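Input: a single structure, listed below in structure tokens.
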Amino acid sequence: MAELLSPGGNLEKIKFAIHYGADAVYCALKKFGLRSQAGNLTKDDYIEALSFVHENNKKLYLTLNAYLFDEDFNQLFEIVDFLNEYPPDGVIVSDLGVLNVISKNTDIPVHVSTQANITNSYAANMLKNFNVKRIVLARELTLNDIKKFKKNTDIELEVFVHGAMCMSYSGRCFISAYLTGRSANRGDCTQSCRWKYAVVEHKRPDMPIDVEEHPEGTFIFNSYDMCALPILPQLIENGVSSLKIEGRMKSLYYVSVVTSVYRDALNTLEEGGNFKSNMPYYLKELGKVSHRPYSFGFYLGQPKQHIKSSGYVKNCDFCGVVSGFSNGYAKIQTRGKIEHGEYEIVSTNLKIKKVFIDALFDYEGNVKKYGNPNEFVYIKVPREVEKLSLLRKCSEGNSREL
Ligand code: SF4
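The C-terminal residue of the sequence shown carries number 485 in this note's numbering, and the numbering is unbroken.
Structure (structure tokens):
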């Protein structure tokens, strides 16, 4: 079965991704990993993450996929020394200079990033000569393209299955750099493609003209998010060996829930269970993380743009993490406000149960009216709940038996 690869924006998210079923995580150090706005890892965090992942018999891939300038290479050589001491299971690169340095100075398997836009097997086979073990395919390929690609190469293929898309070629885009000076190719994208645009006539700069594509506005560059869950069997059949969830900047809640859904789907496929009949449940659950409307990306053809709005759909608020259970009470580390009312507790294996909170307590047993973010509160629960379960408040339920 294909590997499930989840984003590890920081040490805590890495631990949750593994807990909720990822086979591997990808993460970055503070330099050269794209996503400079994600927490990323200090060297100490990285060492801890690596040993945590390996203790759980999972894999960790390090992203070094920014495009570098000559002046960056002294720092890259320092990172190479560090990685030789603490080797990850793969390094993800885009820049040919970085590829050359990593493959000549380490024995770490090299993966070529989607940012390098590999769209054909000829490029992949050429990269094999540089010890490249895996290609993260450009996101613009269809299912058929992938099938043809795999017939011509024995290199491992990784594809994105879930998360945000770019309107440009797999993130090689200059809108953000042009408008704000923050470059997507250096991991600092401001998502300028999602902004609302108007036309300005050269001599009347203070008279912007709305391009009325839709009453809500004009979002001509705004991509749908990708959700390839329903076509996982076809992707696997076509020879893909790693399924990647986008989102190193997404929340711990997002990473845990999306990982959990894909884990359950892959287990169902592996065990010959009824993948199709589970689909409505899976999709409803994926609707409970913050996202833009979903599409299949390019897998089934042109995805077009989502022109109505660039806002997120958000049906649930993440309220806290279960950090312990004793005598019928769950200890919650709060991440949002908690009040009286109906909530859901999400645990591993997509176990979701409803709880009604009618009282909150502090650690001395004093009644509290509500819990504020970043404190500990205790709630009564009908039966034992797993540590690291997630507490959320939703506008619509999706619980099934616990
Ligand atoms: S501005 Fe949009 S299309 Fe460009 S890199 Fe950022 S997210 Fe992708």
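Heads up, the beta-carbon is just placed ideally off N, CA and C, and yes, glycines get one too.
Predicted model only: the values in this text are computed from it and were never measured.
Asked                                                                                                                                : Found
Backbone secondary structure at residue 471 - three-state DSSP                                                                       : coil
Beta-carbon separation (whole angstroms), residue 440 vs residue 421, contact threshold 8 angstroms                                  : 7 angstroms
As assigned by DSSP and simplified to three states, the class of residue 411                                                         : coil
Element boundaries [beta strand (DSSP E), containing residue 327]                                                                    : 325–328
Residues of its chain near residue 262, where Cβ-Cβ distance is below 7 angstroms and the 5 sequence neighbours each way are ignored : 275
Secondary structure of residue 152, DSSP reduced to three states                                                                     : coil
Inter-residue Cα distance where the pair is residue 152 and residue 434                                                              : 48 angstroms
Straight-line gap, residue 162 to residue 91 (C-alpha atoms, nearest Å)                                                              : 19 angstroms
Any heavy atom of the ligand SF4 nearer than 5 angstroms to the CB - residues listed                                                 : 249, 250, 251, 254, 256, 258, 259, 267, 272, 274, 275 and 276
Residue environment, residue 111, which counts as buried when at least 16 other CB atoms sit within 10 Å                             : buried
Pick from 423, 328, 383 and 129 that is closest to residue 230, judged by C-alpha positions                                          : 383
Cβ contact check for the region 265–281 and the region 356–364: 3 or more pairs under 8 angstroms                                    : no
DSSP-derived helix/strand/coil call for residue 453                                                                                  : coil
Residue 238, DSSP secondary structure in three states                                                                                : coil
Residue from 463, 194, 412 and 158 whose Cα sits closest to the Cα of residue 174                                                    : 194
DSSP three-state assignment for residue 309, whether helix, strand or coil                                                           : strand
Three-pair Cβ contact test at 8 angstroms for the region 385–399 versus the region 313–329                                           : no
Nearest candidate by alpha-carbon position, reference residue 346, set 211, 462, 476 and 315                                         : 315
Selection from 132, 341 and 449 that minimises the alpha carbon distance to residue 366                                              : 341
Contact under 7 angstroms by Cβ, residue 338 with residue 89                                                                         : yes
DSSP beta-bridge partners of residue 400                                                                                             : 476
Under 7 angstroms between C-beta atoms of residue 248 and residue 380                                                                : yes
Backbone secondary structure at residue 217 - three-state DSSP                                                                       : strand
From 215, 200, 201 and 305, residue whose alpha carbon lies closest to that of residue 376                                           : 305
Burial state of residue 452, where buried means 16 or more other Cβ atoms lie within 10 Å                                            : exposed
For residue 462, the first and last residue of its enclosing beta strand (DSSP E)                                                    : 459–463
Three-state secondary structure (DSSP) of residue 275                                                                                : helix
Runs of alpha helix (DSSP H) lying entirely within the region 347–374, each at least 4 residues, in chain order                      : 358–369
Integer Cβ distance of residue 172 from residue 129, believed to fall under 8 angstroms                                              : Incorrect: roughly 13 angstroms between the Cβ atoms, too far for contact.
Cutoff 8 angstroms; reference residue 208; Cβ partners in own chain excluding five residues on either side                           : 235, 236 and 238
Residue 111: first and last residue of the uninterrupted beta strand (DSSP E) it sits in                                             : Looking at the DSSP string, residue 111 is not in any beta strand (DSSP E), and its letter there is neither H nor E.
Nearest candidate by alpha-carbon position, reference residue 104, set 471, 256 and 292                                              : 471
Strand pairing of residue 388, partner residues [DSSP]                                                                               : 306
Burial state of residue 414 (16 or more Cβ within 10 Å)                                                                              : buried
DSSP three-state assignment for residue 424, whether helix, strand or coil                                                           : strand
Opening and closing residue of the alpha helix (DSSP H) in which residue 320 lies                                                    : 315–320
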